[in-house]
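Trainee: Before I ask anything, here is the structure I am working with.
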Amino acid sequence: RPPMSAATRTRALPRLLLVSPGTHLRSQDIRPLYKKMGDMGMPAVCLREPHLSDEEMRELYDDLRSHIPTVVIHSKHKSAFDISADVHIASPFSRGGAPMGWAAFERIAELRRRCKGLLGISCHTPSEVKHSIDGGADYATLSPVWESSKKSFPLVSMDDYVATCEKISDKDGLCLAQAGGTPERLESVLAAGGHGIAIAGDIHSRSEEDALKRLDEYLEVLNQY
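FYI, the UniProt record's numbering numbers position 156 of the sequence shown as 156, with every residue one higher than the one before it.
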């Protein structure tokens, strides 16, 4: 595994990651809610908004950085590496990413060189997580760990997820369970030795008031571990 970047060494990897809904400036402006959540203690957000122009994404990124410690941009946005030091990519080891096989390792190595901060990778099997962390990713998401109508990949058992976390903990990496997250499931993950979760629908399907209350439940769990 390549050495960790200076940016990575100076801050903790997030155990709770909020993935944006992909609707910013379409059906809503996510900034008011995200700023409030950041002020409450939301540690990290991944901006998955490929439809935004460079100017719109840069404005969103700059607005949120003063409220949320870690703001990652998904590489579906063509200028992600130019705007943010922290970037998230689709796994090159499964459909939706770069060509599989040895080219996938070369792809991660290339992106690791380009990424000045945290590099995160969306994965769908434990082996993808291991390959990603070994290749230089700082964290990976693994999904679906729980049943989800939006994930067509085979379900990963909780036991397999926890075992994956145990295998990469000594490599300075982190694996977040994703798809179907709730505060109760975050607690079960942390209690079992898992690293944390990535969430989306459980927050974005609610009104602003209810979303903030729900976030408070997540943060209460985090504060216990």
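We put the CB at the ideal spot given by N, CA and C, even for glycine.
1) Would you check if the distance between the CB atom of Pro92 and the CB atom of Ile108 is smaller than 9 Å?
2) Just to confirm the assignment: which complete beta strand (DSSP E) runs, minimum length 3, are found wholly within the segment 91-129?
3) Counting only the same chain and skipping the five closest in sequence on each side, list residues whose C-beta sits under 7 Å from that of Thr10.
4) Could you tell me if Gly193 is buried or exposed, where buried requires 16 or more neighbouring beta carbons within 10 angstroms of its beta carbon?
5) Could you give the first and the last residue of the continuous beta strand (DSSP E) run that contains His74?
6) Between the beta-carbon of Arg58 and the beta-carbon of Pro21, is there less than 9 Å?
7) Which stretch, first to last residue, makes up the alpha helix (DSSP H) that contains Thr182?
8) Determine the extent of the beta strand (DSSP E) in which Leu47 is found, giving its start and end residues.
9) Less than 8 Å separating the Cβ of Tyr139 from some heavy atom of the ligand MG?
10) Count Cβ pairs between the segment 31-40 and the segment 76-93 that sit closer than 8 Å; are there 3 or more?
11) Could you say which of Leu190, Thr182 and Lys213 lies nearest to Ala200 if we only look at CA atoms?
12) For Gln178, count neighbouring C-beta atoms within 10 Å of its own C-beta (all shown protein chains included) and say buried if the count is 16 or more, exposed if not.
Mentor: In this structure, then:
1) yes
2) 119-123
3) Bear in mind that the predicted position of Thr10 carries a pLDDT of just 43, short of 50, making it unreliable; the figure below should be weighed with that in mind. There are no such residues.
4) exposed
5) Thr70 to His74
6) no
7) From DSSP, Thr182 is part of no alpha helix (DSSP H); its letter is neither H nor E.
8) Ala44 to Leu47
9) Summarising the ligand content, the structure contains no ligands, and the ligand MG is consequently not present.
10) no
11) Thr182
12) buried
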